[in-house]
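Heads up: the structure comes next, in structure tokens.
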Amino acid sequence: MTDKTIKRKHYLLFIVGGLSAILLLALTNKTIHYTSTNEFCESCHVHPHAEATWKLSVHNNTRSGVSVKCVDCHLPPEDQPVRFLTRKAYHGAHDFYVFMTKDSSEIDWAEKRTIEASKRFVYEDGCKSVIQICSLQH
Ligand code: HEC
Ligand code: HEC
0 MTDKTIKRKH
10 YLLFIVGGLS
20 AILLLALTNK
30 TIHYTSTNEF
40 CESCHVHPHA
50 EATWKLSVHN
60 NTRSGVSVKC
70 VDCHLPPEDQ
80 PVRFLTRKAY
90 HGAHDFYVFM
100 TKDSSEIDWA
110 EKRTIEASKR
120 FVYEDGCKSV
130 IQICSLQH
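The numbering of the sequence shown is numbering that gives the first Met the number 0, which starts it at 0 and goes up by one.
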């Protein structure tokens, strides 16, 4: 192998590596956004409560321009990226794991509607940054 081919190989590797890095970044960015949409959550959760509060309330009122998403209440504020991403990874992995291993109809959803339980998965500071409604029963 001559010096030249080695150099060329490095050059190629550099390009391929760079491209994959860009692709990966774009993908994760997309994934992070996609998994924050209501559609994604609703693909598993059919929530009369969420519909009642979310769709009928002021939170989806386009006139005020404020629209509250599932993750506004169920994840920390996005402007705290480290906390946001770690909690997201935790809840995501948890939801997915239980979804795969348990029959969802056997889960005690009512138990989760208690104030005590909601402390585990409702992030009041996220809510407050939108509107103070977290303590509202829904
Ligand atoms: C792959 C299916 C699936 C998706 C997608 C999903 N969840 Fe879940 N989720 C579950 C299951 C199963 C449970 C029950 C967990 C348990 O009983 O420990 C759960 C539990 C919850 C709970 C109760 C918290 C707890 O720890 O018990 C909340 C709140 C929740 N999900 C919100 C969301 C939000 C918000 C999204 C979108 C960002 C979402 N889920 C996406 C399957 C899913
Ligand atoms: C306004 C804030 C808020 C929004 C928006 C919201 N939630 Fe909730 N969520 C709560 C609170 C507070 C509780 C616990 C008390 C209760 O259930 O009333 C809860 C409970 C839950 C639970 C566990 C109890 C149950 O009923 O199964 C799940 C799962 C859940 N939410 C998913 C969602 C999904 C999916 C969305 C979006 C479609 C959503 N939430 C939107 C605040 C919110």
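We treat Cβ as the ideally placed atom computed from N, Cα and C, and that holds for glycine.
The residue from H9, L18, N37 and C43 with its alpha-carbon nearest to that of F98 is C43. Per DSSP, C43 is not a residue of any alpha helix (DSSP H), being assigned neither H nor E.
For R86, the enclosing alpha helix (DSSP H) begins and ends at P80 to T100. Comparing alpha carbon positions, the residue from D124, E110 and K118 closest to R82 is D124. Rounded to whole angstroms, the Cβ separation of C72 and C40 is 11 Å, and the two are not in contact under 8 Å. Under the DSSP assignment, D2 falls in the alpha helix (DSSP H) whose first and last residues are D2 to Y33. Short note on V121: C-beta closer than 6 Å to some heavy atom of ligand 2. The beta carbon of G91 sits closer than 7 Å to the beta carbons of T34 from its chain, once the five residues preceding and following it are set aside; these are given in chain order. Here Y122 is buried, its C-beta having at least 16 other C-beta atoms within 10 Å. DSSP places A116 in the uninterrupted alpha helix (DSSP H) bounded by I114 to S117. In this structure, I31 has its beta carbon at no less than 6 Å from each heavy atom of ligand 1.
For the pair S117 and I21, the Cα-to-Cα distance works out to about 38 Å.
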